[in-house]
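Chains as they are written, first to last, in the numbering used here: chain P, -13 to 268; chain Z, -13 to 268.
Number of protein chains: 2
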Amino acid sequence: MEILLDCVPCLLEQALKGSRLATNDKKIQEEIIKDAIEILGDYKSYKTSPELARAIHQSIKLKTGLSDPYVQIKEKDLEAAKSVYPMLKDFLERVDNKLYWALKIAATGNNLDAAIYGNVDINECIEKELEKKFAINDFNIFHSKLETANSILIIGDNTGETIFDKVLIENIANINVTYAVRSEPIINDATIKEAVSSELHHVAEVISSGCNAPGLILDECSDEFLKAYRNADIIISKGQGNYEALSEVKNIFFLLKAKCSMIAGRLNVELNDYILKYSGKE
Amino acid sequence: MEILLDCVPCLLEQALKGSRLATNDKKIQEEIIKDAIEILGDYKSYKTSPELARAIHQSIKLKTGLSDPYVQIKEKDLEAAKSVYPMLKDFLERVDNKLYWALKIAATGNNLDAAIYGNVDINECIEKELEKKFAINDFNIFHSKLETANSILIIGDNTGETIFDKVLIENIANINVTYAVRSEPIINDATIKEAVSSELHHVAEVISSGCNAPGLILDECSDEFLKAYRNADIIISKGQGNYEALSEVKNIFFLLKAKCSMIAGRLNVELNDYILKYSGKE
Chain P
-13 MEILLDCVPC LLEQALKGSR LATNDKKIQE EIIKDAIEIL GDYKSYKTSP ELARAIHQSI
47 KLKTGLSDPY VQIKEKDLEA AKSVYPMLKD FLERVDNKLY WALKIAATGN NLDAAIYGNV
107 DINECIEKEL EKKFAINDFN IFHSKLETAN SILIIGDNTG ETIFDKVLIE NIANINVTYA
167 VRSEPIINDA TIKEAVSSEL HHVAEVISSG CNAPGLILDE CSDEFLKAYR NADIIISKGQ
227 GNYEALSEVK NIFFLLKAKC SMIAGRLNVE LNDYILKYSG KE
Chain Z
-13 MEILLDCVPC LLEQALKGSR LATNDKKIQE EIIKDAIEIL GDYKSYKTSP ELARAIHQSI
47 KLKTGLSDPY VQIKEKDLEA AKSVYPMLKD FLERVDNKLY WALKIAATGN NLDAAIYGNV
107 DINECIEKEL EKKFAINDFN IFHSKLETAN SILIIGDNTG ETIFDKVLIE NIANINVTYA
167 VRSEPIINDA TIKEAVSSEL HHVAEVISSG CNAPGLILDE CSDEFLKAYR NADIIISKGQ
227 GNYEALSEVK NIFFLLKAKC SMIAGRLNVE LNDYILKYSG KE
């Protein structure tokens, strides 16, 4: 998906929030904003919004000397997600179409997005959010593909969301699942560390994608990831950043909440709608 | 008031909204954003936010060739304000402390702010907004000063708000009122044209301040304005832009709605609170 003009002020706002999260030093915050303005002045030389966001968040790391400025938010989100895990399992016990609702649980985990919402209290919104159905619902295609599939690749997104994804994986029997994460900390996205803290390695093969942007850029991925990508019978891309980076790619299921009006507009849904969208055959 | 880091992304968002209001040509919108990024990169060389906003909105005029990009919003807001004028007069008939509520009506007119709210439907919100009292209430000081005053200077703000200000002026008897407006169109601020369309010249002497920023910068004002400013027994500054430009100046009554959290924070009130604040003796 191309960078829209609306991404530019939104990313500057993100830079400001990120700078304040990373440091209390106002001089460094100012330097980060100055850097962000310079990066955004050159926004046309970036292909997608995740690449632009990466440049801004790399500058936050550089200026503060922190390799993982969102570490505390990630820990908090992970604890919160772990605390609702029994409730998610209980919810799934009570519903009929377990696969549909397991997918919906994974999409609901996409609420744990520090870049957009800042601090999310998942406990407060979880029940209401869980009950909302998909606005774009390619469940039938997913279900039919699953019947003959031997392998699934999930391209992960945020920390905490990982716990919700674990519930989905636990509801897919007898299939090899690979769970790919960012190669290094970027915003609150999951890396190997958070995937392991979520115990995803007990239900899937956890790998690094080799890409450190907050949206998967295929050209930057490792051979290990690309092999899993080519061999997977089903590919699930989680969240907005991965959607922005992969929207033109065929044969992917996009599982996300449309949290910004640009992405909602692109998908032709309402803001905050949930999406299970198949991008079509190659 | 100094420029805060939060002003920077907010003004970039304003530039985007302004560009879309002024033209449908995406190339020109992009050029405006490019200009705005350049201006904001140099934000430290500006003293106050209204000066920075002026630079951005001047670029919108230059790139589109429009001398008054907000002309249609101003016409619409003025019509809407005129349509509620009888209701404002009726409201004032029914209340006890007419001067307090006339000031409150003038503050409520500050809702007509295209820079912040875009398109406001004043009819929808007016009754609820009118009834809210001042969170900072220096009415007693105002009332006591009015008893010996011969002249009042009102520094105007938005178009449409002018009609609300007319109600205030009509409730101040036997005192010379001067109403100062921007020297040329900037955002939806009132100029001589809109002051006359509001029939303010029937109840006050309408003058140009000589300043074309969306907040009154004393150093840029005309001799005519400065004479009225020096001679006025009471000075009322309307709105956020004028507050940002004049916040350090003594002997002014600030009459506004705190529509952004930075200004609310500076005034130590809640977002969207109404303010009648005396800046103190010189």
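Ideal Cβ placement from N, Cα and C applies to all residues, glycine included.
As the structure is a computational prediction, the values presented were derived from the model and not from experiment.
Residues of its chain near Z:Ile108, where Cβ-Cβ distance is below 8 Å and the 5 sequence neighbours each way are ignored: Asp63, Ala66, Ala67, Val70, Asn97, Leu98, Gly146
Where do the N-terminal and C-terminal ends of the beta strand (DSSP E) with Z:Ala121 fall, by residue? For Z:Ala121, the enclosing beta strand (DSSP E) starts and ends at 120 to 123.
Kindly confirm or deny that the segment 151 to 159 of chain P and the segment 4 to 24 of chain Z touch, where touching means at least three C-beta pairs closer than 8 Å. The segment 151 to 159 of chain P is not in contact with the segment 4 to 24 of chain Z.
Just by C-beta distance, which residues in the segment 157 to 176 of chain Z are closer than 8 Å to chain P? none
With DSSP as the reference, identify every bridge partner of P:Asp175, one or two as the case may be. P:Asn144
Any beta-carbon of chain Z closer than 8 Å to the one on P:Val(-6)? yes
Using 8 Å as the limit for Cβ to Cβ distance, is P:Ile112 near chain Z? no
In chain order, what residues of the same chain have a beta carbon less than 6 Å from the beta carbon of Z:Asp(-8), not counting five sequence neighbours either side? Met248
Measure from the C-beta of P:Ile249 to each C-beta in chain Z and report whether the shortest distance is under 8 Å. no
Going by Cα to Cα distance, which pick from Z:Glu234, Z:Val153, Z:Ala244 is closest to Z:Gly225? Z:Ala244
Between the segment 35 to 46 of chain P and the segment 196 to 208 of chain P, do at least 3 Cβ pairs fall closer than 8 Å? yes
Quick check on the burial criterion: 16 or more other C-beta atoms within 10 angstroms. Buried or exposed for Z:Thr9? buried
P:Ile193 beta carbon less than 8 Å from that of P:Ile221: no
Since P:Gln15 meets chain Z, which of its residues come closer than 8 Å, beta carbon to beta carbon? Those are Leu(-9), listed as they occur along chain Z.
Determine, using beta carbons only, whether P:Gly4 comes closer than 8 Å to chain Z. no
How long is the line joining the alpha carbons of P:Val182 and P:Leu7, rounded to whole angstroms? 25 Å
In chain P, which residues lie less than 7 Å from Z:Leu322 when you measure between Cβ atoms? With chain Z running from -13 to 268 in the structure shown, residue 322 of chain Z is simply not present.
For the candidate residues P:Ala166, P:Ile91, P:Ile173, P:Ile122, whose alpha-carbon lies nearest to that of P:Glu113? P:Ile91
Interface residues of chain Z facing P:Ile19 [CB-CB closer than 7 Å]: Leu(-9), Val(-6)
Between P:Leu186 and chain Z, is there a C-beta pair that is closer than 8 Å? So no, P:Leu186 is outside the interface.
For Z:Glu210, which three-state DSSP category applies? helix
Taking only beta-carbon atoms, is Z:Arg(-1) less than 8 Å away from chain P? For the sequence presented, residue -1 of chain Z should be read as Glu rather than Arg. For Z:Glu(-1), the answer is yes, since a Cβ of chain P falls inside 8 Å of its Cβ.
Under 8 Å, with one C-beta from each stretch per pair, do the segment 256 to 268 of chain P and the segment 18 to 31 of chain Z reach the 3-pair mark? no
For Z:Glu191, three-class secondary structure by DSSP: strand
Could you tell me whether the Cβ atoms of P:Ser223 and P:Leu232 are closer together than 8 Å? yes
Under 8 Å, do Z:Asp124 and Z:Leu262 count as touching if we go by C-beta distance? yes
Express the C-alpha separation of P:Cys197 and P:Lys119 in angstroms, rounding to a whole number. 32 Å
Compute the Euclidean distance between the alpha carbons of P:Glu170 and Z:Tyr86, then round it to the nearest angstrom. 60 Å
Cβ neighbour criterion (16 or more within 10 Å) applied to Z:Arg168: buried
Helix, strand or coil for Z:Thr9, going by three-state DSSP, please let me know. coil
Going by CA-CA distance only, name the one from P:Ser130, P:Ile140, P:Val235 that's closest to P:Leu241. P:Ile140
Could you tell me whether the Cβ atoms of Z:Leu132 and Z:Tyr165 are closer together than 8 Å? no
For Z:Leu(-2), which residues of its own chain have a beta-carbon under 8 Å away from its beta-carbon, when the five flanking residues on both sides are left out? Ile19, Ala22, Ile23, Leu26
Under the three-state DSSP convention, the category Z:Ser223 falls into: strand
If we ignore side chains and look at the alpha-carbon of each, how far apart do Z:Gly251 and Z:Leu(-10) end up? 11 Å
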